[in-house]
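Here's the structure we're looking at; comments come further down.
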Amino acid sequence: MPPGSCGGTPDSPSSRSSRWRSGSASTPRCSASWQSGVFTELSVAWPISANLTGAQAPARIEFLGISPDYFRMLGVKPQLGRVIGAQDEAPGFAQTVVISDALWRSSFGADPKVLGKILRLDNDPYEIVGVLPPGFRHPGRTVARDVEGFASAGYRADPFPKPARNIRFLPGLIGRLDKGLTVAEAQARIDSLVANLRRDHPNDYPPALRWTVTLQPLQESLVGNVRSMLLVLLGAVSLIALIAAVNIANLLVARASTRQREIAVRIALGASRARIVRQLVVEAMLLALAGGLVGVIAAAATQGVVLKFVPAGIPRLAEVSVVPAVLGFALLLSLAIGAAVGVVLAMHSANPEVAMAIREGSQGSGHGTRTSRLRNVLIVAEISLAVVLMTSAGLLLRTFWNLLRENPGFNPDNVVTASVWLPVPNDPKADYYADGGHRRAFHRETLRRLSALPGVEAAALASVLPASGPIPSLPLVIEGRPADSVADVRTELVFVSPDYFRVLQVKVASGRAFAEGDETGKQEVAVIDRTAAGRFWPGEDPIGHRVKLNPAPNAAWIEIVGIIDDVKQDGLDASGVPHLYRPLDQQGSRTLSVLLKTGQNAARLQGPIEREIRAVDSALPVFAVRSMADILGVSLESRRFSARLVGGFGLLALLLSSIGIYGLLSYMVNQRAREIGIRLALGAQRGDIFSLIVGRGAWLALTGVGCGLLLAGAAAPALRALLYGVPPLDPGVLLAVALILVLVSLLASFLPARRAAGGDPMLALREG
């Protein structure tokens with residue numbers, strides 16, 4: 014099969030000697046060859062989107078067909094009844110299903126007597142034998158939504174008529190690798206097995222299609238598309254923690270300078286350096302621990318509000334909470350930061366040379382110089398870290414802005430969508446819809462009714478909505494091209510009704526769009542986008558050329574009749590993906606999406622859409638009624654979240670840096686009050702004093718910005734996977750960050766400089 018995603022979790026306490034993996038492989042009937050020498054345990058997870066019918070209104074749910082050892086391998090126990098086992102695949106045994114806690118509560122009112130009741134999925138009866146615990150989630154990305162039921166893999170009478178050669182029908186497998194076997198070694202063995210299948214059964218696996226099976230750690234599968242985002246957020250939090258630690262260290266160094274005489278007296282009286290160091294480290298750790306406790310309390314109090322802004326696509330989001338493990342980690346991190354700050358402070362303050370302060374009656378000049386140098390270094394480090402964080406925020410904000418302005422290839426304004434699923438093969442109505450005439454009649458009657466709704470200008474149907482996520486690609490056979498090129502020529506396939514391009518205002522660049530006469534029994538036709546035209550027919554006019562979507566000799570040839578502008582089918586950040594559009598009436602699709610051009614909102618149309626579709630077929634569920642603009646917004650959720658969160662961290666870093674500069678310059682003004690008074694008394698201009706202090710702040714800012722830009726240049730490539738339309742080292746972003754930090758630093762220098770320049774020199778001399 015084409016490369017599929019697989020997945021795994023790290024070693025758990027209960028299985029430290031093995032690791033979870035998942036992949037795309039075979040069914041239980043042919044798992045022996047896969048398990049031998051590769052997996053110690055193996056389980057199938059087959060996704061099904063089913064129409065739930067019965068006593069309630071029709072609805073769509075996601076469930077999995079699983080092999081008998083699925084729950085045993087995962088170590089899951091039900092809260093009611095039992096889980097699927099070997100007995101559920103015995104000949105003549107009733108079809109059974111284990112339902113999720115959510116489905117149990119929503120559809121059965123948490124009835125403890127639910128066991129034994131019948132759940133009708135695609136009009137097929139399933140006996141409920143168990144209810145899963147509330148926290149259980151299928152450990153894989155086999156389906157996009159939460160799974161609400163688990164049935165035996167034998168849920169169809171004979172879903173795999175060729176049990177020795179069915180790997181291409183199975184999208185998901187979860188297994189435990191043999192002890193000591195690496196993923197690379199397991200992949201090599203699986204590749205050998207697949208090669209044998211391709212060799213022994215060439216009709217099922219044409220060599221040109223190069224069927225493969227890909228293994229992947231389950232954890233990688235679970236967080237694959239958000240891993241980069243989570244790592245960036247982890248980096249942002251780490252930078253904020255470092256900036257805060259540097260700021261605290263700076264403040265403590267300033268405070269320690271006022272305690273030099275006290276420390277000198279203790280050393281003179283015989284206190285060891287180790288004792289002084291221990292005291293200062295403990296004080297810093299207690300301060301950090303207090304801050305950590307306040308932070309944990311604030312996190313727990315605001316958790317609900319914060320999670321409302323987190324995109325739903327992040328795995329295991331429902332499990333996020335301030336649990337004891339999080340509390341312990343936060344407090345340990347606080348203690349570690351406190352200890353690090355305390356060590357820096359102690360090594361600086363507990364120096365035997367400070368005993369000179371007793372003889373001199375004040376800080377020694379050398380010590381004052383060391384203190385000033387240390388504080389300068391800390392401020393420069395703080396600004397440098399702020400530059401890195403603000404640069405990351407700027408790049409993500411530019412990415413989000415670019416996506417907002419990205420042309421999706423269609424006009425989403427005033428378009429309302431809905432989804433409906435037609436019956437599957439084992440449903441009594443499946444044969445009805447398998448007939449081309451009946452299917453076309455359903456399409457036309459549905460479109461006629463929806464077009465007649467008040468305020469609806471036009472209606473269309475499609476197998477998938479634009480900007481709704483990746484579509485599985487198919488091999489494209491081009492007439493006149495060698496057969497061995499098929500595996501390298503792939504396109505995504507979309508079925509649409511004739512008015513689809515008109516509803517979305519997609520421009521036909523050449524040729525024609527579909528017409529009512531494009532139906533089964535007539536010339537098979539297709540429309541391609543500009544990307545497909547440029548990639549597969551560079552320098553040629555594709556119109557009139559023929560293709561087919563199956564290398565089989567008897568597969569029908571499809572004529573290209575039109576070229577349209579590129580439509581962002583896979584998402585706003587997807588580009589360079591070729592698409593081929595086919596008339597819905599020439600080849601049916603079980604999954605259908607309705608698109609209405611109307612001035613009304615989705616909420617007002619939900620009832621009428623459901624009513625009109627159920628008037629055509631009362632058993633069909635209608636779901637996901639929403640506007641096309643909302644779909645585009647959902648596709649940007651993770652980008653928006655990353656930009657907002659990292660942008661907020663960037664503002665916090667800017668605030669902390671400005672506080673650090675303000676604190677340093679205020680301390681410097683206080684320490685040099687006598688010097689400033691003497692300068693003023695000797696005739697120095699107040700403007701000169703003002704420039705001296707502001708210049709000091711500017712020097713620190715420029716040094717920090719320079720170091721920060723170097724660090725940002727080294728770190729920026731790590732963001733590449735999250736960027737769109739902006740290079741990792743964007744000059745505009747770097748210049749903007751540098752200017753903002755310098756300007757804010759100058760503003761932070763203003764008050765201390767003004768105070769220094771406006772002081773009374775005689776008062777400063779008397780107090781000095």
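The numbering of the sequence shown is this note's numbering, which starts it at 14 and goes up by one.
Backbone N, C-alpha and C define an ideal beta-carbon position, used for all residues, glycine too.
No experiment lies behind these values; they were computed from the predicted model shown.
Item: Helix, strand or coil at His558 [DSSP, three-state]; Value: coil
Item: Simplified DSSP state of Ser39, which is helix, strand or coil; Value: Note that Ser39 scores a pLDDT of 35, beneath 50, so its modelled location is shaky; the value from the coordinates is reported in the next line. In the structure shown, Ser39 sits in coil (DSSP, three-state: anything other than H, G, I, E or B).
Item: Identified DSSP bridge partners for Ala472; Value: Leu609
Item: Close beta carbons around Gly8, own chain, < 6 Å, minus the five adjacent residues each side; Value: Since the first and last residues shown for the chain are 14 and 781, residue 8 lies out of range.
Item: Beta-carbon proximity of Leu645 to Pro421, cut-off 9 Å; Value: yes
Item: Pair within 9 Å by beta-carbon distance, Lys561 and Ala472; Value: no
Item: Nonlocal neighbours in the same chain, by C-beta distance under 6 Å from Pro591, ignoring five residues either side; Value: Thr504, Thr544, Ala545, Arg548
Item: Extent of the continuous alpha helix (DSSP H) run through Ser671; Value: 650-684
Item: Three or more C-beta pairs below 8 Å linking the stretch 729-749 and the stretch 686-693; Value: no
Item: Start-to-end residues for the beta strand (DSSP E) that takes in Ala431; Value: 428-434
Item: For Val538, the residue or residues it bridges with in DSSP; Value: Glu572
Item: Among Ala522, Tyr513, Ser486, Ile541, the one whose alpha carbon lies nearest that of Val502; Value: Ser486
Item: Inter-residue spacing [alpha-carbon to alpha-carbon] between Asp627 and Gly449; Value: According to the sequence as given, residue 627 is Arg; it is not Asp. Taking the straight line from one Cα to the other gives about 20 Å.
Item: Residue range of the unbroken beta strand (DSSP E) whose run includes Gly188; Value: 186-190
Item: Residue nearest to Asp512 in terms of C-alpha spacing, selected from Ala526, Ala522, Asp554; Value: Ala526
Item: Contacts around Leu677, its chain only, beta-carbon distance under 7 Å, and the 5 residues preceding and following it disregarded; Value: Asn263, Arg388, Ile392
Item: Sub-9 Å separation of Arg189 and Thr53 beta-carbons; Value: yes
Item: Among Asp578, Arg595, Leu597, Pro596, the one whose alpha carbon lies nearest that of Ser588; Value: Asp578
Item: Simplified DSSP state of Gln229, which is helix, strand or coil; Value: strand
Item: Nearest residue (CA-CA) to Pro125, options Leu93, Ala99, Pro152, Pro146; Value: Leu93
Item: Minimum C-alpha distance to Leu732 - residue among Met242, Val429, Glu233; Value: Met242
Item: Where Leu410 sits in the DSSP three-state scheme; Value: helix
Item: Three-state class that DSSP yields for Ile97 in the structure shown; Value: coil
Item: Under the three-state DSSP convention, the category Ile114 falls into; Value: The sequence given here places Asp at residue 114; Ile does not occur at that position. If DSSP states are grouped into helix, strand and coil, Asp114 belongs with the helices.
Item: Run of the beta strand (DSSP E) containing Tyr139, from where it starts to where it stops; Value: 137-144
Item: Residue of Ala632, Leu55, Val433, Ser476 minimising C-alpha distance to Asp191; Value: Leu55
Item: Exposure of Asp583, with buried meaning 16 or more beta-carbon neighbours within 10 Å; Value: buried
Item: Per-residue DSSP class, three states only, for Ser347; Value: helix
Item: The beta strand (DSSP E) enclosing Phe163, as first and last residue numbers; Value: 162-165
Item: Closest by C-alpha distance to Val57, when choosing among Trp570, Ser165, Asp159; Value: Ser165
Item: Host beta strand (DSSP E) of Thr504 (start-end); Value: 503-509
Item: Residue from Val89, Gly88, Ile74, Gly341 whose Cα sits closest to the Cα of Leu116; Value: Ile74
Item: Neighbourhood of Leu506 by C-beta, 6 Å cutoff - its chain only, sequence neighbours within 5 removed; Value: Leu487, Leu593
Item: Val682 versus Leu705 - alpha carbon distance; Value: 11 Å
Item: 8 Å contact criterion, which Thr404 and Ala725 should meet: CB distance rounded; Value: 4 Å
Item: Boundaries of the alpha helix (DSSP H) in which Tyr513 is found, first to last residue; Value: 513-516
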